[in-house]
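Have a look at the structure below, then the notes.
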Amino acid sequence: AGVVQNLAARLRRRGGLFRKPDPEETACVLVGLAATRSEASRRIVERATKSRDPLVRRVAGQVIAAWGERTGAGR
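Here the numbering used here runs 28 ahead of the position in the sequence shown, where the first position is 1.
Printed below as a string of structure tokens:
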């Protein structure tokens with residue numbers, strides 16, 4: 029499996045029946061996805077902007093903003 033698929037699997041893994049995902053781990057995965065700059069990563073990060081956790085939402089927004097800066101969008 030590719031990098032994006034492996035990182036996405038980490039987002040889906042919970043570790044127990046009722047265990048919530050760790051927001052810090054999710055944020056780290058989002059940063060890893062940012063490095064791939066793939067369309068699949070973009071979809072995952074965009075979904076993360078709707079997370080209930082403020083840390084996850086903030087990091088997802090920062091990733092999207094960084095992608096825009098690197099492409100020169102909005103300049």
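All residues carry an ideal CB built from backbone N, CA and C; glycine is no exception.
Contact set for residue i: own chain, Cβ-Cβ below 7 angstroms, skip 5 residues either direction
i    : result
L35  : V57, G60, L61
R103 : In this prediction, R103 scores a pLDDT of 45, lower than 50, which makes its location untrustworthy; the coordinate-derived value is nonetheless stated afterwards. Hits under 7 angstroms: none found.
V32  : L61, T64, S66, A68, S69
Range covered by the alpha helix (DSSP H) that runs through residue i
i   : result
T64 : 51-64
Supposed contact pair residue j and residue i - C-beta distance, whole angstroms, cut 8 angstroms
i   : j   : result
L83 : A63 : Not quite, the Cβ-Cβ distance comes to about 19 angstroms (not below 8 angstroms), so this is no contact.
A94 : T77 : Rounded, the Cβ-Cβ distance is 13 angstroms, inconsistent with contact.
Same chain, Cβ closer than 8 angstroms to residue i, five either side skipped, listed in chain order
i   : result
D81 : P51, T54
E67 : none
Close Cβ partners of residue i (< 6 angstroms) along its chain, the five nearest in sequence each way excluded
i   : result
R38 : V57
Fully enclosed by the segment 70-100, which alpha helix (DSSP H) runs are 4 residues long or longer?
Qualifying alpha helix (DSSP H) stretches, in chain order: 82-99.
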